[in-house]
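To keep things clear, I will list the structure first and then write my remarks on it.
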Amino acid sequence: GRDQLHIHQTQTTCWDHPKMAELYQSLADLNNVRFSAYRTAMKLRRLQKALCLDLLSMPMACEVFDQHGLKQNEQLLDISQLVTCLTSLYQRLEQSHSHLVSVPLCVDMCLNWLLNVYDTGRTGKIRTLSFKTGIISLCKAHLEDKYRFLFRQVASATGFCDQRRLGLLLHDSIQIPRQLGEVASFGGSNIEPSVRSCFQFVRHTLKVLGSETEA
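Here the sequence shown stands for residues 1 to 215, where the numbers follow full-length UniProt numbering.
Written as structure tokens, this is what we have:
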């Protein structure tokens with residue numbers, strides 16, 4: 001209720017929920033897994049299950065985004081808005097998985113994780129795009145469907161994406177392994193080379209297609 005929201009607003013940006021601290025300790029125990037891809041996958045799976053996001057389908061997540069009018073992806077969401085969205089999301093999950101989902105605990109844990117990943121400056125706010133990226137990355141869906149959804153968030157109405165907006169998406173995506181201590185395995189935090197190579201590949205492909213049509 002109101003007391004819980006007050007706790008969120010005053011403390012959560014700089015304090016880990018006891019269950020979250022336990023989870024981080026169990027994730028650290030996976031650091032002895034040798035291969036980075038396996039190690040990161042195991043950490044992500046453990047995190048996904050701890051937040052009950054393995055129960056969340058993409059259509060259900062999208063319904064919650066729409067219900068709360070999350071259309072402007074660069075708009076900032078404050079903690080009370082995040083709590084409201086997460087509460088809607090977990091209440092839906094509780095209806096079909098009441099034995100697995102405790103709404104207050106899941107909201108606390110997921111809020112704690114989102115702030116640790118996307119609010120490193122401790123402002124108490126994250127971008128709408130960051131919220132969607134975090135939730136969709138860990139929901140239950142095929143990888144290709146996740147890619148399509150996330151690309152649509154940064155693409156124009158005509159389906160094109162510029163370097164700045166692709167950079168935003170890659171930046172938000174890499175924050176998830178970064179927070180797990182795995183960013184070095186995936187090229188580090190600097191996303192500029194990845195953005196550049198995407199656009200160089202596109203230009204090269206267009207050049208090849210152009211020369212084929214001329215021939």
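Positions of the beta carbon are idealized from the N, C-alpha and C atoms, including for glycine.
{"Asked": "With DSSP as the reference, label residue 215 as helix, strand or coil.", "Found": "With a pLDDT of 48 at residue 215, under the threshold of 50, the modelled position of this residue cannot be trusted, and the question is left open."}
{"Asked": "Please identify the residue among 33, 200, 103 and 169 whose C-alpha is closest to the C-alpha of residue 74.", "Found": "169"}
{"Asked": "For a minimum of 4 consecutive residues, which ranges assigned as the alpha helix (DSSP H) are wholly contained in the UniProt domain \"EF-hand\" (22 to 139)?", "Found": "36 to 50, 58 to 67, 79 to 96, 103 to 118 and 128 to 138"}
{"Asked": "Roughly how many angstroms separate the alpha carbons of residue 65 and residue 189, rounded to a whole number?", "Found": "28 Å"}
{"Asked": "Would you tell me roughly how many angstroms separate the C-alpha atoms of residue 199 and residue 36, rounded to the nearest one?", "Found": "27 Å"}
{"Asked": "Would you check if the distance between the CB atom of residue 17 and the CB atom of residue 108 is smaller than 8 Å?", "Found": "yes"}
{"Asked": "Closest by CA to residue 111, which one among 90, 99 and 60?", "Found": "90"}
{"Asked": "Is DSSP giving residue 160 helix, strand or coil here?", "Found": "coil"}
{"Asked": "Nearest chain D C-beta to residue 119 closer than 8 Å, yes or no?", "Found": "Of the protein chains in this structure there is only one, and it is not chain D."}
{"Asked": "Using the three-state DSSP reduction, which class does residue 194 fall into: helix, strand or coil?", "Found": "helix"}
{"Asked": "Measuring alpha carbon to alpha carbon, tell me which of 34, 193 and 50 ends up nearest residue 25.", "Found": "50"}
{"Asked": "What is the residue span of the alpha helix (DSSP H) that residue 144 lies within?", "Found": "143 to 154"}
{"Asked": "Looking at C-beta atoms only, is the number of pairs between the region 90 to 106 and the region 173 to 185 that lie closer than 8 Å three or more?", "Found": "no"}
{"Asked": "Could you give the DSSP three-state label for residue 172: helix, strand or coil?", "Found": "helix"}
{"Asked": "Any idea what DSSP makes of residue 180, helix, strand or coil?", "Found": "coil"}
{"Asked": "In this structure, does DSSP put residue 187 in helix, strand or coil?", "Found": "coil"}
{"Asked": "Since residue 140 contacts residue 54 with CB under 8 Å, what's their CB separation in whole angstroms?", "Found": "6 Å"}
{"Asked": "When we look at the beta-carbon of residue 42 and count the other beta-carbons within 10 Å, is it buried (16 or more) or exposed?", "Found": "exposed"}
{"Asked": "Rounding to the nearest angstrom, what Cα-Cα distance links residue 63 and residue 151 in this structure?", "Found": "18 Å"}
{"Asked": "Whole-angstrom Cβ separation of residue 128 and residue 72, contact assumed at under 8 Å?", "Found": "6 Å"}
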